[in-house]
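Visitor: In this note's numbering, the protein residues as written are -3 to 424.
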Amino acid sequence: MIKQDPCAPAGKADAPRAARRVVAHVDLDAFFTSVEQLLNPALAGQPVVVGGAANQRGVVASASYEARARGVYVPMPLVRAYRVCPEAHFLPGRHSLYSDFSRRVFEVINRFSPTVERASIDEGYLDWTAEQCGTHQPVTARHGAALPVHWPLALAESLRLAVLAETGLSVSVGIGANRLVAKIASKHCKPRGICHVATGAERAFLRPLPLAVVPGIGKRATEVLAANSLVRFADAQDTDDATLARCLGDEWARRLRRIANGEGRVELSPHEAPKGISNESTFRQDCRDLDTVRRTLYRLVEKAAWRLRRAGLVTGSVAVKLRTADFRTRTHTRTLGYHSDCHAELYRVAAQLFEDFAPRHQAIRLIGVQLANLAPATGCQLLLFDSDRRAVNQQVDRLLDRVRAQHGFSGIATAAGLHAARRPVRGG
DNA sequence: TCTGGGGTCCTAGGACCC
DNA sequence: TCTGGGGTCCTAGGACCC
Ligand SMILES: [Mg+2]
Ligand SMILES: [Mg+2]
């Protein structure tokens, strides 16, 4: 742990200038429902649920604070949310709209630090270490404020106000000596909050909080811990390593010990290329008609391959995911042995995988496709294979992509190869 | 009570190779 | 004659996050 005063003159000649680290975590408050309330003022102050119609299959993706006050939570099944709160407005999600708002929010956030990590559509980390000593032209200076004693709070407040003024959305900001403390702090002060955990105060701050606030400690781990009377950080702080290890295994026991001591990673990571692309769909009712399932799979492969090409990537493996009426989920994977972004090729493999394990008696609840082992599309893989056929298939994809660029993915429907692919096909 | 859809990461067994 | 030991790839499944 770094304890020295960052503003003191450097001590030893070759010691790095070890500034006390400051990380901020910014998280949008009830993001999806806030966007809907912003765009439709009639929803302001009302219980709103985003996720689908009240009688649909699915779960709550976002609930306004008015809905949460009535007992709705994420991810509650929609039909149950309706039972708990029938007066709520149930809305389907509009994800491209939320992506646009997210991008605008991050345009504001990016002005508040040169080092920002976008962790998801609704949250990000900022490195504020440089703000305290006037190194690296701190953002504080650009905003015309002298450095007050509680500069992190002042800076967080100006960020909150800027996001609110420029996007209409509310964020909460947590500030601490590492990422995890900052994230737990932002959650702790929601909504419309700011929380700064002073260096050295971490153990005391965490002590009364439930262990379940730790990202990575989910339903299962929380149950195991609770069965051993470990519910709050205080319980973990006051128990021995062996008990933690019995609950969580060695790796997570060590990790939780460090977290409970207020230690944690500081570095922000740059944007990374996606490791997988997947699309799946749950039927409104369990489906017994295999042709319907095949058509759905065909469409899902089209969508996934389209997203793959738009990202400039090719895939090295195809998996088909299938969930039966009993909620049992199975995945069958095939490594291609080559890379492809070509719909016809990928669907041929997906269709074969599906035929291999299509259930004979059970109805199907969900079908999906997953592409993994992604690599940049360099255009040099096609030499090894049936390059004529691939060239034709690629031209088809490119032609359709041009229509999709104009009208979106749903702007065009195709069926080429849907039935041809039904018979078992050998080899790749 | 009924359990979405987009992801990441981890584990573990068997194949295969040296 | 009872039986190596890694390392890596492939596959399946599960916990977890937003
Ligand atoms: Mg949020
Ligand atoms: Mg979040």
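The beta carbon of each residue, even a glycine, is placed where N, CA and C say it ideally should be. The structure displayed is predicted, hence computed values, not measured ones.
Under 8 angstroms by Cβ, that's how I've got L207 and R228 pegged, so tell me the actual separation to the nearest angstrom.
Guide: So it is a contact: roughly 7 angstroms between Cβ atoms.
Visitor: Among all residues, which have a Cβ less than 5 angstroms from at least one non-hydrogen atom of ligand 2, and in what chain order do they fall?
Guide: Here the residues come out as D23, D118 and E119.
Visitor: Could you tell me the boundaries of the beta strand (DSSP E) in which I428 lies?
Guide: No statement about residue 428 is possible, as the shown extent of the chain runs from -3 to 424 and does not include it.
Visitor: The alpha helix (DSSP H) with S281 in it runs from where to where?
Guide: Residue identity check: residue 281 is Gln in the sequence provided, not Ser. No alpha helix (DSSP H) holds Q281; the beta strand (DSSP E) holding it covers G272 to C283.
Visitor: Go ahead and pull the three-state DSSP assignment for I171.
Guide: It is a strand residue.
Visitor: Out of P82, H335, A152 and S225, state which residue places its alpha-carbon closest to the alpha-carbon of S313.
Guide: The option with the nearest alpha carbon to S313 is H335.
Visitor: So, do the stretch 94 to 111 and the stretch 69 to 80 have three or more beta carbon pairs nearer to each other than 8 angstroms?
Guide: No contact exists between the stretch 94 to 111 and the stretch 69 to 80.
Visitor: Would you check if the stretch 210 to 220 and the stretch 270 to 282 touch, i.e. whether three or more CB-CB distances between them fall below 8 angstroms?
Guide: Contact fails: fewer than three Cβ-Cβ distances are below 8 angstroms.
Visitor: Mind checking K317: buried by the 16 CB within 10 Å criterion, or exposed?
Guide: Buried.
Visitor: Considering only heavy atoms of ligand 1, does any lie closer than 7 angstroms to the CB of F27?
Guide: Indeed, a heavy atom of ligand 1 lies less than 7 angstroms from the Cβ.
Visitor: Please go through the same chain and pick out, in chain order, the residues whose beta-carbon is closer than 8 angstroms to the beta-carbon of H132, but skip the five residues on each side of it.
Guide: With a pLDDT of only 45 at H132, under the threshold of 50, the placement of this residue in the model should not be trusted; the figure read from the coordinates follows. Excluding residues within five positions, the ones whose Cβ falls inside 8 angstroms are P110 and A126.
Visitor: Please return the same chain residues whose Cβ sits closer than 7 angstroms to the Cβ of R53, not counting the five positions on each side in sequence.
Guide: Hits under 7 angstroms: T278 and R280.
Visitor: Which partner residues of K317 appear in the DSSP bridge assignment?
Guide: Per DSSP, T327 and G364.
Visitor: Ends of the beta strand (DSSP E) at V46?
Guide: Note, V46: beta strand (DSSP E), V44 to V46.
Visitor: Pick from L87, A59, A65 and V18: whose alpha carbon is nearest that of N51?
Guide: Comparing Cα positions, the closest option is L87.
Visitor: Could you tell me the distance, in whole angstroms, from the CA atom of V104 to the CA atom of H267?
Guide: If I take the Cα positions, the gap works out to 18 angstroms.
Visitor: Return the chain-ordered list of same chain residues with a C-beta closer than 6 angstroms to the C-beta of L155, the five sequence neighbours on each side being excluded.
Guide: So the qualifying residues of the chain are F108.
Visitor: Quick check: the stretch 298 to 315 against the stretch 353 to 362, are there 3 or more CB pairs under 8 angstroms?
Guide: With a cut-off of 8 angstroms, the stretch 353 to 362 and the stretch 298 to 315 do not count as touching, because too few Cβ pairs lie within range.
Visitor: In angstroms, rounded to a whole number, what distance separates the CA positions of V177 and K186?
Guide: Using only the alpha carbons, I get a separation of about 15 angstroms.
Visitor: Any idea what DSSP makes of E259, helix, strand or coil?
Guide: The answer is coil: DSSP assigns E259 none of H, G, I, E or B.
Visitor: In the stretch 153 to 211, which residue ranges form an unbroken alpha helix (DSSP H) of at least 4 residues, counting only runs that do not cross its ends?
Guide: List check, alpha helix (DSSP H) in window: 175 to 184 and 198 to 202.
Visitor: Once DSSP output is grouped into helix, strand and coil, what is the label at E113?
Guide: Three-state result, E113: strand.
Visitor: Does DSSP classify P355 as helix, strand or coil?
Guide: Three-state DSSP puts P355 in coil, outside helix and strand.
Visitor: In angstroms, rounded to a whole number, what distance separates the CA positions of C283 and E198?
Guide: Going from the Cα of C283 to the Cα of E198 covers about 52 angstroms.
Visitor: Would you identify the three-state DSSP class for L379, choosing helix, strand or coil?
Guide: Below a pLDDT of 50, predicted positions are generally treated as unreliable, and L379, at 48, falls in that range; no measurement from the model is reported.
Visitor: From S58, V159, P148 and T329, pick the residue whose C-alpha is nearest to that of P71; which is it?
Guide: With distances taken between Cα atoms, P71 lies closest to S58.
Visitor: Between which two residues does the alpha helix (DSSP H) holding F102 run?
Guide: Looking at the DSSP string, the run of the alpha helix (DSSP H) that includes F102 is H91 to I105.
Visitor: What residues in its chain sit with their C-beta under 7 angstroms from that of Y294, if we drop five residues either side in the sequence?
Guide: Hits under 7 angstroms: Y343 and L414.
Visitor: Tell me whether S336 sits in a helix, a strand or coil according to DSSP, three-state version.
Guide: S336 falls in the strand class under three-state DSSP.
Visitor: Mind checking which residues open and close the alpha helix (DSSP H) that includes L24?
Guide: Per DSSP, L24 belongs to no alpha helix (DSSP H); it is in the beta strand (DSSP E), V19 to L24.
Visitor: With 16 other CB atoms within 10 Å as the buried threshold, where does G120 fall?
Guide: Looking at its Cβ environment, which holds 16 or more other Cβ atoms inside 10 Å, G120 is buried.
Visitor: With A181 and I171 assumed to form a contact (beta carbons below 8 angstroms), what rounded beta-carbon distance in angstroms separates them?
Guide: Between I171 and A181 the Cβ distance is about 6 angstroms, and since that is below 8 angstroms, they are a contact.
Visitor: Figure out for me which residue from A161, A232, Y61 and A354 has the closest Cα to the Cα of N257.
Guide: Nearest of A161, A232, Y61 and A354 to N257, Cα basis: A232.
Visitor: Using the C-alpha atoms, what's the distance from S116 back to G196?
Guide: Approximately 29 angstroms, taken between the alpha carbons.
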